[in-house]
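Input: a single structure, listed below in structure tokens.
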Amino acid sequence: KNQVEQSPQSLIILEGKNCTLQCNYTVSPFSNLRWYKQDTGRGPVSLTIMTFSENTKSNGRYTATLDADTKQSSLHITASQLSDSASYICVVSDRGLTGGGNKLTFGTGTQLKVEL
Amino acid sequence: NAGVTQTPKFRVLKTGQSMTLLCAQDMNHEYMYWYRQDPGMGLRLIHYSVGEGTTAKGEVPDGYNVSRLKKQNFLLGLESAAPSQTSVYFCASSYGQVGGETQYFGPGTRLLVL
Numbered sequence: 002k003n004q005v006e007q008s009p010q011s012l013i014i015l016e017g018k019n020c021t022l023q024c025n026y027t028v029s030p031f032s033n034l035r036w037y038k039q040d041t042g043r044g045p046v047s048l049t050i051m052t053f054s055e056n057t058k059s060n061g062r063y064t065a066t067l068d069a070d071t072k073q074s075s076l077h078i079t080a081s082q083l084s085d086s087a088s089y090i091c092v093v094s095d096r097g098l099t100g101g102g103n104k105l106t107f108g109t110g111t112q113l114k115v116e117l
Numbered sequence: 114n115a116g117v118t119q120t121p122k123f124r125v126l127k128t129g130q131s132m133t134l135l136c137a138q139d140m141n142h143e144y145m146y147w148y149r150q151d152p153g154m155g156l157r158l159i160h161y162s163v164g165e166g167t168t169a170k171g172e173v174p175d176g177y178n179v180s181r182l183k184k185q186n187f188l189l190g191l192e193s194a195a196p197s198q199t200s201v202y203f204c205a206s207s208y209g210q211v212g213g214e215t216q217y218f219g220p221g222t223r224l225l226v227l
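These protein sequence lines map, in sequence, to chains W and U.
If you number the first sequence the way the working numbering does, the last residue is 117 and the count never jumps.
If you number the second sequence the way the working numbering does, the last residue is 227 and the count never jumps.
Structure (structure tokens):
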């Protein structure tokens with residue numbers, strides 16, 4: 002069964018500090034891995050996407066890494082801001098829903114709170 | 114360009130009542146999806162559609178029905194609501210079956226079944 006596990010479950014950091022969120026997955030056949038940000042009461046928004054051949058991808062202060070051999074990914078947030086407070090969800094895609102489209106396996110998310 | 118919108122935002126139902134959740138997208142996406150999000154669990158796919166007039170079952174389809182009569186709309190129906198269907202429901206859409214396409218999510222519908 003495809004699974005995505007994230008750690009830590011929750012994290013509190015001070016504004017301006019860096020942090021790293023972890024994602025381990027067992028999804029096959031692997032297509033791509035995304036990190037989503039979900040603000041409270043909103044839908045998830047894609048931050049980064051990486052395919053099998055990519056091992057790092059940046060989006061502003063967000064940098065994601067992927068090790069396809071160990072099936073691990075991390076999301077590093079630099080110089081955190083209050084607006085970074087959200088749930089960060091790791092999502093792994095495999096190839097093929099019946100009839101087309103990509104099936105996504107969602108992690109349960111890391112709840113990040115940035116404080117003054 | 115509104116993206117993906119969902120109606121209603123919040124609803125309270127009694128057990129056994131029925132309702133329909135509406136999802137609309139203005140990005141001309143072929144693929145549309147309905148997910149539910151429960152505490153301590155990742156989003157789970159209920160039903161999806163790969164084009165107008167087509168629907169398919171996802172991971173947790175029981176108790177739900179869907180219809181895609183127009184390309185821009187995807188409806189999720191609960192015929193006889195149960196407390197286990199209390200959840201936050203998200204609709205998403207994507208361009209097509211290309212390995213890297215992004216799913217765009219709506220703001221969610223919070224449903225409480227008493």
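Idealized CB from N, CA, C, for every residue including glycine.
Cβ neighbours of residue i in the same chain (closer than 7 Å, five flanking residues each side left out)
i      : result
T167/U : R181
V211/U : Here the model assigns V211/U a pLDDT of 44, short of 50, so the residue's position is not dependable, and the following value carries that caveat. Result list for V211/U: empty, nothing under 7 Å.
I78/W  : N19, C20, R62, Y63 and D85
Neighbourhood of residue i by C-beta distance below 6 Å, restricted to the same chain and skipping five residues each side
i      : result
E192/U : S131
L117/W : E16
Of the residues the options, the one placed nearest residue i, counting alpha carbons only
i      : options                           : result
N33/W  : R96/W, L117/W and G17/W           : R96/W
R62/W  : T49/W, I13/W, F31/W and A80/W     : A80/W
R149/U : H160/U, K127/U and T133/U         : H160/U
G171/U : P196/U, M145/U, T133/U and R124/U : M145/U
C91/W  : N3/W, K38/W, S29/W and T52/W      : K38/W
L94/U  : K122/U, R157/U and L188/U         : Only positions 114 to 227 of chain U appear in the structure, and residue 94/U is not among them; the question remains open.
A195/U : S206/U, E165/U and G176/U         : G176/U
E55/W  : S94/W, A69/W and G42/W            : A69/W
S197/U : P152/U, P220/U and V163/U         : P152/U
Neighbour flag for residue i against chain U, beta carbons, 9 Å
i      : result
G108/W : yes
S11/W  : no
V28/W  : no
S59/W  : no
K104/W : yes
I14/W  : no
S47/W  : yes
I50/W  : yes
V5/W   : yes
G42/W  : yes
Beta-bridge partners of residue i, as assigned by DSSP
i      : result
I14/W  : V115/W
E6/W   : N25/W
M140/U : Its beta-bridge partners do not exist; DSSP assigns none.
Q73/W  : N25/W and D68/W
Y217/U : S206/U
Minimum Cβ-Cβ distance from residue i to chain W less than 9 Å
i      : result
L225/U : no
G190/U : no
Q216/U : yes
V117/U : yes
Beta-carbon proximity list for residue i, same chain, < 8 Å, skipping 5 on both sides
i      : result
T199/U : L224, L225 and V226
Whole beta strand (DSSP E) elements within the segment 138 to 184 of chain U, 3-residue minimum
144 to 150, 157 to 162 and 178 to 180
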